[in-house]
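Let me begin by presenting the structure, written as structure tokens, before commenting on it.
Chains as they are written, first to last, in the numbering used here: chain C, 1 to 353; chain G, 354 to 706.
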């Protein structure tokens, strides 16, 4: 096993002392980078996901170009429902479409159980390849969507404003919803375990849509399945687990007890207040408003400073945006942010809490 | 001045004792009603807003058909920027478009100051007419958008996922943003005062987009202008002011001190927890997930009961959905909800807190 040279991210996940705050950003292997767009010209989005050489190449780009402290494997959360048998159309920028969405008990029967090393071998190959090509410079993160988030896409079939089909299913066929969620949780658990087996040093679960639920529905339909994954993953080396819950402002104390090492926060949370609220139980990742990268350099630094100050002194903070980097951001702006966090965060690690 | 026969809503806004919990729902004069769609066939959305007879007619429909405890004047928050000189295209269901959006200092100069009784006389006529035709059965609510919410539409020009133009303006031209927000706050203040003058018994400010801001940005760009309106409205008879902040979960204590009588909550808040958090400083309105109306009757009642129980005993609760009623909801489902709240909420008003 290759020793990782820059393991700041991994130590921060475990709330161990670090010299400075590590930083990576969600969707850092993406369209804002001209080098990514150049590869994207040659292949469509799903082909990139399914071609390990291309996926590994764009995974490593932000490490080389921006200097982030972790890589995240280039992929998509919807490869799981696709592997289970749902036909997926993916037009980057326009959003994914399942032309034949999940609605009934018979749709459940059609979903295959998957062996990630078979149906999703291309992901594991991409992870192994990226891991090898990183040569231990920084850790590699694997990820999946939360079962509730996957279900939202599968049931709606395409972008939705009101989640009519999803919510109707939750309220009128709760048993079917729970069966689907359970099946997805099993698939995600096997998938993340396989990614670790293939070389991932940490994993993140994206609960992008949990925040559209009422607090009670979140406790019924999203959190238990996140917990099932977190507690079911087979690890090699105590790899940390991050749970990112967008809009999930209401059950943070419960979420902090789900077994994850790190909670990822969106930009509407005050990271310092959350740290106090959960009593420092987990490390925290985030949470600069991604649109701050539309601002000038001074404003970017000012806003980054506010996040560092809000978290305050001591270990356990992984700097990130509060959501994915936006495709029309100038990459030099991200570089400004990353350089600022690298050069200025040290002082928060000298003082004790 | 006509005495209002059913004044439960007004008393609840003031946290006075009531026999039961009053209920109305946001967007109750809307597409889910066949009677509304019949009128809508004859006139487009903006024509309906600008024809007092039609606006008054659909305003009163849910009082007759559903039996809600308050009427809200049929209109749109964007009539203010339109009256200030911006060309507005409105396609119901597709969202509003400003083909020439607000972006620069010169756009600010183009915005006219308005006299609501001139440029928006059609709204005041609709209010007077609806008030007359209601014959004092229930109170009539007037409304406006928050300055930040109006600005979001004006700057983006159309539906937006990332709010690129808006956020760029906030971060790179904050002085221009503040000048626009101030001008809008003045217009909204005059507009709500005029609605009260014309006969509105209460007013609501919709801050639909405040929740896309970080807590610090919300305190800079949204809350101060809501406060300016709340404290600037000219009243006739201590008409209550409701502030509905969608997604504004992070500054509820500050929002509760803005001078409003009532806070409107979306469905991601726990209404009981908010009541305790703000120490009962204001009445609370809300907050059933609007998609619960896709459920069967028993589930609707069960979920409505949870909201009543969460708020708990004592006065100061106005039952509502946590967002507007969705256009594809069956109106008989809304009737089930309204009847349930009317028949079952009495017991929460017998006990003392």
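The beta-carbon is built from N, C-alpha and C at its ideal position, and this holds for glycine as well.
{"query": "Note down the Cα distance separating residue 612 of chain G from residue 585 of chain G, rounded to an integer number of angstroms.", "result": "10 Å"}
{"query": "Take the Cβ of residue 575 of chain G as the centre, count every other Cβ of all protein chains shown within 10 Å, and call the residue buried at 16 or more, exposed below.", "result": "buried"}
{"query": "Quick check: the region 397-415 of chain G against the region 455-470 of chain G, are there 3 or more CB pairs under 8 Å?", "result": "no"}
{"query": "Contact check, residue 492 of chain G vs residue 423 of chain G under 8 Å by CB: the rounded distance?", "result": "5 Å"}
{"query": "State the CB to CB distance for the pair residue 96 of chain C and residue 156 of chain C, rounded to an integer number of angstroms; the pair is presumed to be in contact (CB under 8 Å).", "result": "Actually they are not in contact, since the Cβ atoms of residue 96 of chain C and residue 156 of chain C sit about 10 Å apart, beyond 8 Å."}
{"query": "Could you work out which residues of chain C lie near residue 449 of chain G, taking near to mean beta carbons separated by less than 9 Å?", "result": "Those do not exist, as residue 449 of chain G stays about 14 Å from chain C at its closest Cβ, beyond 9 Å."}
{"query": "From residue 438 of chain G to residue 562 of chain G, what distance separates their C-alpha atoms?", "result": "22 Å"}
{"query": "Residue ranges of each beta strand (DSSP E) run of no fewer than 3 residues wholly in the region 226-274 of chain C, ordered along the chain?", "result": "241-245 and 262-264"}
{"query": "Given a cut-off of 7 Å, decide if residue 295 of chain C and residue 13 of chain C are closer than it, judged by their beta-carbon atoms.", "result": "no"}
{"query": "Determine, using beta carbons only, whether residue 214 of chain C comes closer than 7 Å to chain G.", "result": "yes"}
{"query": "Using a C-beta to C-beta distance shorter than 7 Å, which residues of chain G count as neighbours of residue 42 of chain C?", "result": "Chain G residues near residue 42 of chain C: none, gap ~26 Å exceeds 7 Å."}
{"query": "Indicate the three-state DSSP secondary structure (helix, strand or coil) for residue 669 of chain G in the structure shown.", "result": "coil"}
{"query": "CA-CA distance, residue 248 of chain C and residue 566 of chain G?", "result": "15 Å"}
{"query": "For residue 323 of chain C, which residues in the same chain have their Cβ closer than 8 Å to its Cβ, ignoring the five residues on either side in sequence?", "result": "26, 246, 266, 267 and 290"}
{"query": "Please give me, in chain order, every unbroken run of the beta strand (DSSP E) with length at least 3 that falls completely inside the region 157-228 of chain C.", "result": "202-207"}
{"query": "Reducing DSSP to helix, strand and coil, say where residue 77 of chain C ends up.", "result": "coil"}
{"query": "Among the candidates G/410, G/420, G/467 and G/444, whose CA atom is the shortest distance from the CA of residue 435 of chain G?", "result": "G/467"}
{"query": "So residue 558 of chain G and residue 497 of chain G are in contact, right, with Cβ under 8 Å, and what is the actual spacing, rounded?", "result": "6 Å"}
{"query": "Give the DSSP-derived three-state secondary structure of residue 449 of chain G in the structure shown.", "result": "strand"}
{"query": "Could you give the distance in angstroms between the alpha-carbon of residue 273 of chain C and the alpha-carbon of residue 286 of chain C?", "result": "13 Å"}
{"query": "Would you call the CB atoms of residue 311 of chain G and residue 376 of chain G closer than 7 Å?", "result": "This structure cannot speak to residue 311 of chain G, because chain G is shown only from 354 to 706."}
{"query": "With 7 Å as the C-beta to C-beta threshold (strictly closer), list the residues of the region 155-167 of chain C near chain G in chain order.", "result": "162, 163, 164 and 167"}
{"query": "Do residue 131 of chain C and residue 199 of chain C have their C-beta atoms closer together than 7 Å?", "result": "yes"}
{"query": "Taking three-plus beta-carbon pairs below 8 Å as touching, is the region 473-483 of chain G in contact with the region 538-553 of chain G?", "result": "yes"}
{"query": "Residue 379 of chain G lies in the alpha helix (DSSP H); which residues open and close that run?", "result": "Run containing residue 379 of chain G: none; DSSP gives neither H nor E here."}
{"query": "Taking the alpha carbon of residue 219 of chain C as the reference point, which residue from C/335, C/251 and C/163 has its own alpha carbon closest?", "result": "C/251"}
{"query": "Considering only DSSP beta bridges, list what residue 636 of chain G is partnered with.", "result": "G/615"}
{"query": "List the residues of chain G whose Cβ lies closer than 7 Å to the Cβ of residue 295 of chain C, in chain order.", "result": "524 and 525"}
{"query": "Taking 7 Å as the CB-CB limit, is residue 268 of chain C close to chain G?", "result": "yes"}
{"query": "What residues in its chain sit with their C-beta under 6 Å from that of residue 89 of chain C, if we drop five residues either side in the sequence?", "result": "97"}
{"query": "Could you check whether the Cβ of residue 326 of chain C sits closer than 7 Å to any Cβ belonging to chain G?", "result": "yes"}
{"query": "Sort out for me which residues DSSP pairs residue 442 of chain G with in a bridge.", "result": "G/450"}
{"query": "Would residue 291 of chain C count as contacting chain G if we go by Cβ distances under 7 Å?", "result": "yes"}
{"query": "Are residue 609 of chain G and residue 628 of chain G touching if we call contact CB-CB under 7 Å?", "result": "no"}
{"query": "Starting from residue 300 of chain C, follow the alpha helix (DSSP H) in both directions and report where the run begins and ends.", "result": "297-311"}
{"query": "Starting from the N-terminal side, write out each stretch of the alpha helix (DSSP H) that is 4 residues or longer and does not extend beyond the region 40-68 of chain C.", "result": "45-50 and 52-65"}
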